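Data first, discussion second: the structure below is written as structure tokens.
Chains as they are written, first to last, in the UniProt record's numbering: chain A, 1 to 203; chain B, 1 to 203.
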């Protein structure tokens, strides 16, 4: 996480307070939107004074930047896990249910949805998301390339780029689908995803 | 559109004023977010008094509901076009570039992103989106079923449902992908989409 922990000497305590603010902010952003939630609403939810919160975050923008960092860490963890598999491409297909369940949970997707809406109008947040994406792609692309090479599949740059962007779009769209169709058939969806993933990764 | 045009006798003029408000609201929501944009900001952008706007829309919520209706009309138009094609499944694959370009345009996706974020916390807006989705699926599902039957492909309900939900997720995710990667390679992306669409529709 990039945002500095200001005026705090005990790093563990500072980290725990930061997390307390982030949890409260997630609740408030989900309830009132990024622009609707005030620092005073967040401080009330966190059970801390607004002045105390400013010790950790200069602004609401700094809070949403911390969420971008957390999301980037989550993606890095997932990519590291994938790199450790014997057969990463097959693992992605086999583990589709886990990623689908994660993306279908409204508690999981309310905050990203708010972050995306804000990034669409705030260049600083968009820039942070883009930098995180560049880092993630620098891990993901060579992994896909290596595994496709091992299977004797085409690995030219343009093809890899298109397949990966399509695959990522597929997962980004899932929460929006779930928002429109909350009672969708999870098992059928998993089968649909596997058909698309197999075509993108293994052909 | 469901929202009634209040106290207006000339329907054409009322419609034109409503559109004027919607255009201004789209600009304000994109700039300040749904919660950040006030009715007075919208009235200033529209060049109308706030009192005048209330003749057409009771609240900001009524404005966003009108956007949900417009989006539903757009989807219905697209489905009608698709129904008129000789080979709707192949048309969806051939016409991927048009839908991709539409979804990659930030001017197009800023407003939907705001609507989705708001729908994730506002049950009334979510309900309107869901009703529109049910109507769209009532047209889309039989079309896909008939065309797959014609080609001798499997058409059981669970399979169709999963394929369609996956396909819709693919397009919903595209703006979010573009937000993270504004300079993505469009031609490669089109090829990636075609691979996924062919697998979902023609296998």
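All C-beta atoms in this analysis are idealised placements derived from N, C-alpha and C, irrespective of residue type, glycine included.
All of these numbers come straight from a predicted model, not from anything done at the bench.
In terms of Cβ geometry, residue 136(A) and residue 68(A) do not form a close pair [threshold 9 Å]. Of the other Cβ atoms in all chains shown, 16 or more fall within 10 Å of the Cβ of residue 163(A); this residue is therefore buried. Judged by their CB atoms, residue 200(A) and residue 103(A) are not nearer to each other than the 9 Å cut-off. The criterion of a C-beta distance shorter than 9 Å is satisfied by residue 39(A) and residue 54(A).
Around the beta carbon of residue 172(B), 16 or more other beta carbons lie within 10 angstroms, which makes this residue buried. Restricting attention to alpha helix (DSSP H) runs no shorter than 4 residues, the UniProt DNA-binding region "H-T-H motif" (38-57) of chain A encloses them at 39-46, 50-53, ordered along the chain.
Under the 10 Å beta carbon count, residue 77(A) is surrounded by fewer than 16 other beta carbons and is classified as exposed. The beta carbon of residue 140(A) lies closer than 7 Å to those of 79, 164 in the same chain, with the five residues before and after it left out. Flagged as an interface residue toward chain B: residue 174(A), by a C-beta distance shorter than 9 Å. If you compare the alpha carbons of 21(A), 10(A), 187(A), 111(A) with that of residue 159(B), the shortest gap goes to 187(A). Below 8 Å, too few C-beta pairs join the region 120-130 of chain A and the region 138-155 of chain B to call them touching: fewer than three. Secondary structure of residue 34(B) (DSSP, three-state): coil. Burial is judged here by how many other beta carbons sit within 10 angstroms of a residue's own beta carbon; residue 182(A) has fewer than 16 and is exposed.
Residues of the same chain with their beta carbon placed closer than 8 Å to that of residue 36(B) are lacking, with the five preceding and five following residues left out of the count.
Contact of residue 203(B) with chain A is assigned, a C-beta pair being separated by under 9 Å. Secondary structure of residue 59(B) (DSSP, three-state): coil. Cβ-Cβ distances below 8 Å link residue 96(A) to 190, 193, 194, 197 in the same chain, with the five nearest sequence neighbours on each side left out; the list follows chain order. The straight-line gap separating the alpha-carbon atoms of residue 145(B) and residue 14(B) is approximately 41 Å. Between the region 42-57 of chain B and the region 17-28 of chain B there are three or more C-beta pairs closer than 8 Å, enough to call the two in contact. Residue 49(B) is classed as exposed because its beta carbon has fewer than 16 other beta carbons within 10 Å across all chains shown. Sorting 178(B), 29(B), 92(B) by C-alpha distance to the C-alpha of residue 143(B) places 92(B) at the top. If you check the CB distance, residue 25(B) and residue 63(B) come in under 9 Å. Going by C-alpha positions, residue 81(A) is about 13 Å away from residue 99(A).
In this structure, DSSP gives residue 162(B) a helical state, which the three-state scheme calls helix. Taking residue 72(B) as reference, the option from 12(B), 42(B), 147(B), 128(B) with the minimal CA-CA separation is 128(B).
Listed in chain order, the alpha helix (DSSP H) elements of length 4 or more contained wholly in the region 73-152 of chain B are 88-94, 96-104, 106-119, 123-150.
Taken through DSSP and simplified to helix, strand or coil, residue 181(A) comes out as coil.
CA-CA distance, residue 156(B) to residue 202(B), rounds to 14 Å. Comparing C-alpha distances from residue 107(B) to each of 41(B), 168(B), 12(B), 23(B) shows the shortest one belongs to 23(B). In this structure, residue 30(B) keeps its C-beta atom at 9 Å or more from the C-beta atom of residue 90(B).
At least one CB atom of chain A sits nearer than 9 Å to the CB of residue 109(B). With its beta carbon at least 9 Å from every one in chain A, residue 12(B) lies outside the interface. Under the criterion of beta carbons closer than 8 Å, residue 34(B) and residue 33(A) qualify as touching, at roughly 6 Å.
Relative to residue 133(B), the option among 12(A), 21(A), 184(A) whose CA is nearest is 184(A). In chain order, 179, 180 make up the part of chain B whose C-beta sits under 9 Å from the C-beta of residue 129(A).
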